[in-house]
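Notes follow the structure.
Residue numbers (my numbering): 5 to 235.
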């Protein structure tokens, strides 16, 4: 573990580690204890009572946050013919086929999200070894393999975030920036919390929502009381 700085230690003293705070308080406290000099990302983390090794307990998808993430995503679309024109009209940053596949193979990664039409996946699939480890592979579950490229690009630009449970049963999702009004962060948090609850696999046993925290890029985690979240 890296040594914690003086600012972090001072900030952490403001947080009662044994307490789960109402969501509004938790977000306010996360912002207060942010030690970064830049406009840090605020993140929600969920520890879920699922076994990710089992196929019927995988949790993966995407949701559009009502107030966006504060970050403009650069979108690359793999498409042909009319769908290329459609992607360009929707505001995609890069649109193409073989030329971009070659560029990626040569180490180009000037984008954040890839959208591909299903007829391009045969070619895009060959990039699996390069894109997979970076979490950039398009996937039907997150709406990034689709012929409706207009909808896909619009949603990503509006603040769509992807979520996926890791091997330890955790899901981390950005919900905005420290410069956001508290109301906007709470609204974004409520949206992702609701999405997590609806994603509960039927096969999951015991307590599903084990732990919820909000944190900033360089700040301490603040526990959230799940019962305080607006239903």
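Cβ coordinates follow ideal geometry from the N, Cα and C atoms, glycine included. The model shown is predicted, which means the values in this text are computed figures rather than measured ones.
Asked: Start-to-end residues for the alpha helix (DSSP H) that takes in residue 63; Found: Note, residue 63: premise wrong, no alpha helix (DSSP H); not H, not E.
Asked: Limits of the unbroken beta strand (DSSP E) element including residue 214; Found: 213-220
Asked: Per-residue DSSP class, three states only, for residue 49; Found: strand
Asked: Helix, strand or coil at residue 193 according to DSSP, with G and I counted as helix; Found: helix
Asked: Own chain residues within Cβ distance below 6 Å of residue 50, not counting five before or after; Found: 175, 200 and 216
Asked: As assigned by DSSP and simplified to three states, the class of residue 114; Found: coil
Asked: In DSSP terms, what residue 80 is bridged to; Found: 98 and 118
Asked: Collapsed DSSP secondary structure at residue 157 in the structure displayed; Found: helix
Asked: Beta-carbon proximity check, residue 222 vs residue 39, cutoff 8 Å; Found: yes
Asked: Endpoints, beta strand (DSSP E) assigned at residue 180; Found: 174-181
Asked: Residue 184 burial status per 10 Å Cβ neighbour count (16 or more: buried); Found: buried
Asked: The stretch 121-128 contacting the stretch 77-87, beta-carbon criterion three pairs below 8 Å; Found: yes
Asked: Local Cβ density within 10 Å of residue 192, reported as buried at 16 or more and exposed below that; Found: buried
Asked: contact_flag[the stretch 205-215, the stretch 51-62] where n(CB pairs < 8 Å) is 3 or more; Found: yes
Asked: Test item: CB-CB of residue 46 and residue 136 under 8 Å; Found: no
Asked: Contact between the stretch 100-107 and the stretch 149-156 (3+ Cβ pairs under 8 Å); Found: no
Asked: DSSP three-state assignment for residue 134, whether helix, strand or coil; Found: helix
Asked: Alpha-carbon spacing of residue 125 relative to residue 133, whole angstroms; Found: 14 Å
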